[in-house]
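Participant: Okay, handing you the structure first.
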Amino acid sequence: MHSIIVVPMYSTHPDDHIHLEPSESLVFGRTPRPYGPHLVIPHEGVSREAGEITAVGAYWRLSNLSSAQTYVVENPEGAGEHIKVPPGRLDAPVPFEFSRVVLPAGSELLSFDVWAPRHDYLDGTGPRDGAPTASAFPLDRGKRYFQVLVALCSARLREPHAPLPTAEELVERLRPLWPSVSRASVAWNIDYLAVKLRLKPAPDTAPCGGPRLNGKKERLVSLALRFDLVQEADLALLSGKAEAIR
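This is the structure in structure tokens:
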């Protein structure tokens, strides 16, 4: 699995994502570099070389290369949880599984997302003098994306051949626990789950639109139910009886 995935602003297709392996870096700013990976943010309020992201295993570091602007890294799933990276700060560690980097640019606030879907876990409580065993399916049941996955799987948990919920049905199912939910946020989480669980679109899938999304949903549900990633007890997340999602 890729260590870090950078999702440019307004990205609508996985081909736009930038994948970084551990120790690899990505510079972002107004002008492209003649060499190495670069995320171009074409706005006159963004420095020519505004910052750099470095992948470090299961997390990443942010360097603020501007001389005057503080950058904010938000946790979209947190209740206002964020960190600030002041001008000139190098290698600030970012602990969030997925983050939104917010850049002040004149009278606007620009942003792009960074995903850190890799999780490393200790294999039991035995000897610790070796490399930890990586989780095959690193899911955090306290995150919004898992709530979306449970909603996707809920019908098939009860009836194996039940149709999958539509986008509108998912929004209605999730709204009591997630008042700000929208079709876009559901689609974002489904896309994130596909990356996190190492699913890729089939070669003959449409580049965009409904068929491609529906195929992705089918594969997510099939994988989740086949390996018991979602079980009957998880339906309590949708009824409000389980611990609240962070």
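This note's numbering numbers the first residue of the sequence shown as 1 and each following residue consecutively. No residue lacks a Cβ here, since even glycine has one placed at the ideal position from N, Cα and C. Bear in mind the structure is a predicted one, so any value in this text is a computation, not a measurement.
What first and last residue would you give for the beta strand (DSSP E) that runs through Ala92?
Facilitator: Per DSSP, Ala92 belongs to the beta strand (DSSP E) from Ala92 to Val94.
Participant: Rounded to a whole number of angstroms, what is the C-alpha to C-alpha distance between Val114 and Leu62?
Facilitator: Going by the C-alpha atoms only, they are around 11 Å apart.
Participant: Could you work out which residue in Leu197, Ile5 and Leu238 is closest to Leu229 when comparing CA atoms only?
Facilitator: Of the candidates Leu197, Ile5 and Leu238, the one whose C-alpha sits nearest the C-alpha of Leu229 is Leu197.
Participant: Buried or exposed: Pro211, going by 16 or more other Cβ atoms within 10 Å of its Cβ?
Facilitator: In this prediction, Pro211 has a pLDDT of 42, which is less than 50 and means its spatial position is unreliable; nothing more can be read from the coordinates.
Participant: Which of the three DSSP states is assigned to Pro14 in this structure?
Facilitator: Of the three classes helix, strand and coil, the one that applies to Pro14 here is helix, per DSSP.
Participant: Assign Asn64 to one of three DSSP states: helix, strand, or coil.
Facilitator: Here Asn64 sits in strand by DSSP.
Participant: I need the boundaries of the beta strand (DSSP E) containing Asp140, first residue and last residue.
Facilitator: Note, Asp140: premise wrong, no beta strand (DSSP E); not H, not E.
Participant: What does a CB cutoff of less than 6 Å around Ala155 pick up in its chain, not counting 5 residues either side in sequence?
Facilitator: These residues qualify, in order along the chain: Ala162.
Participant: Just to confirm, are Thr54 and Ser25 a CB contact at a threshold of 9 Å?
Facilitator: Cβ atoms of Thr54 and Ser25: closer than 9 Å.
Participant: Taking C-alpha atoms, which residue in Pro138, Ala58 and Gly88 lies nearest to Leu65?
Facilitator: The shortest Cα separation from Leu65 among Pro138, Ala58 and Gly88 belongs to Gly88.
Participant: Note down, in chain order, each residue of its chain lying with its Cβ closer than 7 Å to the Cβ of Arg33, except the 5 sequence neighbours on either side.
Facilitator: Hits under 7 Å: Val27.
Participant: Going by DSSP in three states, Asp204 sits in which element: helix, strand or coil?
Facilitator: In this prediction, Asp204 has a pLDDT of 43, which is less than 50 and means its spatial position is unreliable; nothing more can be read from the coordinates.
Participant: Under a Cβ-count criterion, where at least 16 other Cβ atoms within 10 Å of its own Cβ denotes burial, should Ser23 be classed as buried or exposed?
Facilitator: Label assigned to Ser23: exposed.
Participant: From Leu223, Ser185 and Pro179, pick the residue whose C-alpha is nearest to that of Ala194; which is it?
Facilitator: Answer by Cα proximity: Leu223.
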